[in-house]
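Chains as they are written, first to last, in our numbering: chain L, 989 to 1281; chain H, 2 to 121. Written out below as C-alpha cells is the structure these notes cover.
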C-alpha cells in the first residue's frame, strides 16, 4: 500500500509530488509503507548535521581557549586585586542567562524528541509513529528528530558548555600585566567573555532552530491520502501543537543567532582600533575593582 | 620555570607578610565587606608573581588574627567582626565609584552628594 505523505524527498521513496493544502507541508512525496524506511541509509553526516552549528561554535571557542592559555604571561609588575575573578566576573550577565536558556531549551527539545521517537527496522531512533484513528490503515512513520540525531547534539552541547566555561574562567583568572593596564585588560576580557557567550549561544540557537524545523516538519502532519483512494485520513499526534509552535519559532531563534554572530564579527572588525588604545596608559587599578563586578 | 617574586618589599617579613598587610589594610579600611570572598590563593599568587604556598601562608596569618574565616567549599571570607561595612554596602560603593568614574564625576562632588543624601 502506498501513502501520500508530506515529507522531504530525501527521506523517503519519491514517486510523485503534488501541491499540498496543508499549511505546514512543503511538499508531498509518496512513501511505500511496506518498506517505510526506504532504501536510504542514514549516513553519519546526516546523523550529525543538527550538531554542526554546536560543533562549529565548540571549535571556535576551543581555539580561543588554546590562545588564552598559550599567551598566558607572568605579570611585569604586581597588580594586586581584591576581587575574586571567576568565570562570571567579565561575562555579560544577560548574555550568560540567555545562553543558559538556549542550552536548556536545546537539551529539553532533544531529550523530549528522543523520548517521542521510535526505532526503525535497523534499530535507529529516527522515526515518529503517527496513527490515523478510526481508520484501518497502518501507522505512518515519517523521519523525526530522534535519538540518532539528538545524541550528537547532546554530546557537542555538553562539550561546548565545558569549553565555554573553561574559556571564561581562564580569561578571567589570568594575572594582569601591570597596574596601569588593568583597565584596558578589563575591557579586553569583557569583550572576550561577550564573544564567547555570543558564539556559544548562537551555535545552540542554530541547532535549536534546525531541531524545531525538523520536529515541525514531521510532527505537524495532519492528514494523508492513499493512492487510488479519494478519502483523506486525519492523523493525530498529541504534541502536534508544540511541533507547530516550534516551526513558527525556528526562524526567530535563527535570526537571533545570526544577529549574535554578526555582532561578534563587527566587534572583531573594530578590534584593531580598540587595541591601539589599549596600549595607552589606563586609569588607576581601582577601576578594575569597580568595573569587574 | 619559577618566576622571581615581584612583590615590592615591605621590609618586615617577606612576600607573605606583604600580602597579609595588603589584605588587612583592605579589610580595616572598609574596601572589603563582611562576608566577602577573598581571591583564591592561586589567583593572589598569580597576580603578585609569588608561589601559591606564600599566598596560602598569608591567608593563614589573616585567619589566625581573625580577619578572615576559611570554610571548606565557601572559600576564605572576611570575618564579620573585622569588617567595617557589610558586603552589600561595599558592593554598592564599588558600583557608585565605577558609575561616577564613567560619568566623569569628581570624588569631592560624589562625597559631598553622598553626605547630603545621608543627612537627608
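Note that beta-carbon positions come from the ideal geometry of N, C-alpha and C, so glycine has one too. These numbers come from a predicted model, not from an experiment.
*Excluding the 5 residues preceding and the 5 following residue 1219 of chain L in the sequence, name in chain order all residues of the same chain whose CB lies nearer than 8 Å to its CB.*
1213
*Output yes if chain H places a C-beta closer than 8 Å to the C-beta of residue 1080 of chain L; else output no.*
no
_Looking at residue 1198 of chain L: is its Cβ nearer than 8 Å to the Cβ of residue 1038 of chain L?_
yes
*asked:* So the candidates are H/73, H/17, H/30; which of them puts its Cα closest to the Cα of residue 87 of chain H?
replied: H/30
*Inter-residue Cα distance where the pair is residue 46 of chain H and residue 1073 of chain L*: 13 Å
_How far does the alpha helix (DSSP H) with residue 1157 of chain L in it extend, from its first residue to its last?_
1135–1161
*So with Cβ pairs under 8 Å, would you call residue 1067 of chain L a contact of chain H?*
yes
*Write down every uninterrupted run of the beta strand (DSSP E) in the stretch 1073–1134 of chain L whose length is 3 residues or greater and which is fully enclosed by it, in chain order.*
1113–1115
_From H/16, H/24, H/22, H/32, residue whose alpha carbon lies closest to that of residue 85 of chain H_ = H/32
*Pick helix, strand or coil for residue 1245 of chain L, following the three-state DSSP scheme.*
helix
*On the three-state DSSP scale, how would you describe residue 1222 of chain L?*
strand
*For residue 1265 of chain L, which residues from the same chain have a beta carbon less than 6 Å from its beta carbon, with the 5 sequence-adjacent residues on both sides left out?*
Residue placement at residue 1265 of chain L is flagged as unreliable, the pLDDT there being 44, under the threshold of 50; a coordinate-derived value is accordingly withheld.
*Can you grab the Cα-Cα spacing for the pair residue 1131 of chain L / residue 1043 of chain L, in whole Å?*
23 Å
*asked:* Given this structure, state the Cα-to-Cα distance separating residue 102 of chain H from residue 1057 of chain L, to the nearest angstrom.
replied: 32 Å
*Going along chain L in order, which residues have a C-beta closer than 8 Å to the C-beta of residue 110 of chain H?*
What residue 110 of chain H touches in chain L: nothing, since even the nearest Cβ is about 17 Å away.
_Strictly by DSSP, which residues pair up with residue 72 of chain H?_
H/76
*Could you give the residue range of the alpha helix (DSSP H) that holds residue 1227 of chain L?*
Premise fails: residue 1227 of chain L is in no alpha helix (DSSP H) and is neither H nor E.
*Does the distance from the C-beta atom of residue 1195 of chain L to that of residue 1041 of chain L stay below 8 Å?*
yes
*The alpha helix (DSSP H) enclosing residue 1192 of chain L, as first and last residue numbers*: 1170–1207
*Ordered along the chain, which non-local residues of its own chain (more than five positions away) have a Cβ less than 8 Å from that of residue 1223 of chain L?*
1118, 1119, 1120, 1128, 1209, 1210, 1211, 1212
*What did DSSP end up calling residue 1167 of chain L once you bin it into helix, strand or coil?*
helix
_Per-residue DSSP class, three states only, for residue 38 of chain H_ = strand
_Identity of the residue in H/20, H/50, H/69, H/83 nearest residue 1064 of chain L by Cα_ = H/50
*State yes or no: is the C-beta of residue 36 of chain H within less than 8 Å of the C-beta of residue 78 of chain H?*
yes
*asked:* Among L/1159, L/1071, L/1088, whose alpha-carbon lies nearest the alpha-carbon of residue 95 of chain H?
replied: L/1071
_contact_flag[the stretch 1199–1206 of chain L, the stretch 1157–1170 of chain L] where n(CB pairs < 8 Å) is 3 or more_ = no
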